[in-house]
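Below: one structure, written as structure tokens.
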């Protein structure tokens, strides 16, 4: 056995404060993000125990999960949401934690604002009481979602206790086809290995497809790692990563930058390192994807038909329950299905590139009459960029409006709920029953597919519209 | 947060033979708006348990009085999705102390162990045996023995052992949590933090 290690080993091992025999590792956490939903009970726990926040400067708070996406300058109507937002503000103030509250120009979805402000950096351990914390793995950090008990642990000790997960590498070489976005790569991988195919593992994504992706694209891929059951996913940092971070608000500057960069360049998997599991896919096999069921693994190429129960890896009873909820039949085509709502946004696809992609398809066309479209930027910084780049004009001319930042219809904790029985093509991450509102039916897809649906009113292959652009 | 010590639990069980039960089903997001940890059991499996007018759905297992007990038995990949600890709280608050499945999502499993809800992973074959035993007799008693790390269907004597690391086992049996442990090693942590690059 050689001493060769993986990227994951290097970062994990550098953060182990103590290894407990027949137990977990005590893992030091560099950066901790909190939001209004999963933090109040953790702060309450600290008070009940009479213990303080150990390193307030390592925690960053933002309000996102249940904030409204219209009229953010006015008081939040839902008293329960308002109460959680007030709790976040008072807890942050009490302990001296940085807060980007509703109305702050830095406010936005936690997994969008962390990277865009340079808080997320290679080699860090990053946690948040939110499963899509895996997003930050795009920078070569170990990032994953935790429960509220662990939020309390991090606040009080800057550590969590977890056994080291197994390691998986997914390699995709080749060149992505026309109209295929990072979201399609993520949905394709999940469909191939199922929604639980990476449970127990931490994934490293490798190969030309990820090397050639922008940071926004890498974030989309790593974001969806949890949807195949993985604790997280990561991509080795490279020049694309360094260029993205350099100059951002909280990024190291001057001599600190040089020191950090020298270290970051060592963060890669050794050639002879061994993974517990290796998977390989070919970029040429990936076409624009769409889901038809009620877990993210129930997806397929957009031109395919809905599989028969006998052809799927999930249990037959669960599969049939899933299709019954969606009111879809085995063997049906997905193309042409009538859609009621389109949601562009979320920590998966609420970044500037996602809005550029959406706008490139709707440019010069008109929103379909049967579609209600909710376009929600991931942050105020993204919102500002949309305006600066002239994307807002394109959207407005095509009959679309932009809402204000937040998690919005991804999990429908605010007013942005898809009505019962209605179909939504959504760029978010989960198509679970009721996820986007009680009774709502969600089809997950890329910003291109969402745009193609938004202008045609039915499930449409975006490649047909890209040709005409 | 203090929780009940867990040693040996003998109880009837509630069967939920559905795969990929995600945390949005266990507790939908719209019920996550509390700032205190109480009352989540009322909304456990809310949308499977109640119609939109709040009347109970008669065909859902929690509304079927022949099934009861402190053990919930779920299909493969139980607890997938969101990291919300509220899912484990809701199951615990409803009165369950143990969930048995053939496969748990990682975060749900960790959350459960942190709050005193024991996740027990058994083989698919044994899970199937449990489901069949409950179907044959809803009063079937199941024994979950943490010190011995075994699950037994008492009527048939069918038994399987399960894994849990020694540290977590000790915590569950004594009602300890990780925060107590971490508070006891603060010196090591501050020394580590002082050397941190970030």
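Protein chains in written order, with the working numbering: chain A, 40 to 508; chain B, 101 to 298. Virtual Cβ for every residue (Gly too), placed ideally from N, Cα, C.
Report the neighbours of residue 198(A) on chain B: residues whose CB is nearer than 7 Å to its CB, in chain order.
Contacts between residue 198(A) and chain B, judged by CB atoms closer than 7 Å, involve 282, 289 in chain order.
For residue 99(A), the residue or residues it bridges with in DSSP:
72(A), 137(A), per the DSSP bridge assignment.
Which of the residues in the stretch 199-233 of chain B, read from start to end, lie with their CB under 7 Å from any CB of chain A?
Within the stretch 199-233 of chain B, the qualifying residues are 203, 205, 206, 207, 210, 211, 214, 215.
Please state if the CB of residue 379(A) and the CB of residue 486(A) are separated by a distance shorter than 8 Å.
No; because the gap between Cβ atoms is not below 8 Å, this pair is not in contact.
Residue 168(A) versus chain B: which residues are under 7 Å apart at the beta carbon?
Chain B residues near residue 168(A): 183.
When you check each C-beta in the stretch 257-280 of chain B against every C-beta of chain A, which residues fall closer than 8 Å?
For the stretch 257-280 of chain B, which is checked against every Cβ of chain A, the residues closer than 8 Å are 265, 266, 267, 268, 277, 278, 279.
Please report how far the alpha carbon of residue 6(A) lies from the alpha carbon of residue 148(A), in whole angstroms.
Given that chain A is displayed from residue 40 to residue 508, the structure contains no residue 6(A) and the question cannot be resolved.
Report the residue from 49(A), 62(A), 91(A), 108(A) whose alpha carbon sits nearest the alpha carbon of residue 422(A).
It is 108(A).
Since residue 69(A) meets chain B, which of its residues come closer than 7 Å, beta carbon to beta carbon?
The answer, in chain order, is 296, 298.
Quick check: what's the CA-CA separation for residue 511(A) versus residue 165(A)?
Residue 511(A) lies beyond the residue range present for chain A, which begins at 40 and ends at 508; the question has no answer from this structure.
So with CB distances below 8 Å, who are the chain B contacts of residue 340(A)?
Result: empty, since nearest Cβ-Cβ is about 22 Å, beyond 8 Å.
So what's residue 64(A) in DSSP terms, helix, strand or just coil?
Residue state, collapsed to three classes: strand.
Less than 8 Å between CB atoms is the rule here; does residue 163(A) satisfy it with respect to chain B?
It does; some Cβ of chain B falls within 8 Å.
Is the shortest distance between the beta-carbon of residue 61(A) and the beta-carbons of chain B less than 8 Å?
At least one C-beta of chain B is nearer than 8 Å to the C-beta of residue 61(A).
DSSP has residue 413(A) in a bridge; who is on the other side?
Residue 413(A) pairs with 382(A).
Cβ distance (whole Å) where residue 369(A) is taken to contact residue 335(A) below 8 Å:
The beta-carbon separation of residue 369(A) and residue 335(A), rounded to 19 Å, does not stay under the 8 Å limit for a contact.
If contact means a Cβ-Cβ distance below 8 Å, which residues of the stretch 206-238 of chain A contact chain B?
Sequence-ordered contacts of the stretch 206-238 of chain A with chain B read 234, 235, 238 [C-beta pairs closer than 8 Å].
Proximal residues to residue 508(A) (C-beta, below 6 Å), its chain only, five neighbours per side dropped:
Legend: pLDDT at residue 508(A) = 45, less than 50; position of this residue unreliable, value from coordinates given subsequently. Nothing meets the Cβ criterion.
For a test of the three-state rule: what should DSSP assign to residue 104(A), helix, strand or coil?
Of the three classes helix, strand and coil, the one that applies to residue 104(A) here is coil, per DSSP.
Considering only the alpha carbon of each residue, which of 484(A), 115(A), 126(A), 495(A) lies closest to residue 330(A)?
Restricting attention to 484(A), 115(A), 126(A), 495(A), the CA atom closest to the CA of residue 330(A) is found in 484(A).
Spatial distance of residue 151(B) from residue 173(B) (CA atoms):
Roughly 23 Å between the two C-alpha positions.
When you compare the CB of residue 125(B) with every CB in chain D, is at least one pair closer than 8 Å?
The chain inventory of the structure shown lacks chain D, comprising the protein chains A and B.
Look up residue 443(A) in the DSSP assignment and give the residues it is bridged to.
Paired residue(s): none; residue 443(A) is not in a bridge.
Distance, residue 333(A) Cα to residue 353(A) Cα:
For residue 353(A) and residue 333(A), the gap between their C-alpha atoms comes out near 11 Å.
Residue range of the beta strand (DSSP E) that includes residue 319(A)
Taken as a continuous stretch (DSSP letters only), the beta strand (DSSP E) holding residue 319(A) covers 316-321.
Got a sec: which bits of the stretch 135-163 of chain B sit with their beta carbon under 7 Å from any beta carbon on chain A, in order along the chain?
With the criterion set as a beta carbon lying under 7 Å from some beta carbon of chain A, the members of the stretch 135-163 of chain B are 135, 136, 137, 147, 152, in sequence order.
Which residues of chain A have a Cβ atom closer than 7 Å to the Cβ of residue 119(B), listed in chain order?
Near residue 119(B) (Cβ distances below 7 Å), the residues of chain A are 353, 354, 357.
For the structure I just gave you, are there three or more beta carbon pairs, one from the stretch 189-196 of chain B and one from the stretch 223-235 of chain B, closer than 8 Å?
Because the criterion of three Cβ pairs below 8 Å is not met, the stretch 189-196 of chain B and the stretch 223-235 of chain B do not touch.
Give a yes or no on whether the C-beta atoms belonging to residue 450(A) and residue 441(A) are separated by under 8 Å.
No, Cβ-Cβ distance for residue 450(A) and residue 441(A) is not below 8 Å.
In this structure, how does DSSP classify residue 180(B) when only helix, strand and coil are distinguished?
Looking at residue 180(B) - three-state DSSP - the assignment turns out to be strand.
Look up residue 54(A) in the DSSP assignment and say whether it is helix, strand or coil.
Shown here, residue 54(A) sits in coil according to DSSP, grouped into three states, outside any helix or strand.
Segments assigned beta strand (DSSP E), at least 3 residues, entirely inside the stretch 109-195 of chain A:
Runs of the beta strand (DSSP E) inside the stretch 109-195 of chain A: 137-139, 164-167, 181-184.
By DSSP, does residue 277(B) sit in helix, in strand, or in coil?
Residue state, collapsed to three classes: coil.
First through last residue of the alpha helix (DSSP H) which encompasses residue 212(B):
Residue range 206-215 is occupied by the alpha helix (DSSP H) that includes residue 212(B).
Status (buried if at least 16 other CB within 10 Å, exposed otherwise) for residue 277(B):
Buried, because 16 or more other Cβ atoms sit within 10 Å of the Cβ of residue 277(B).
Residue environment, residue 166(B), which counts as buried when at least 16 other CB atoms sit within 10 Å
The residue is exposed, with fewer than 16 neighbouring Cβ atoms inside 10 Å.
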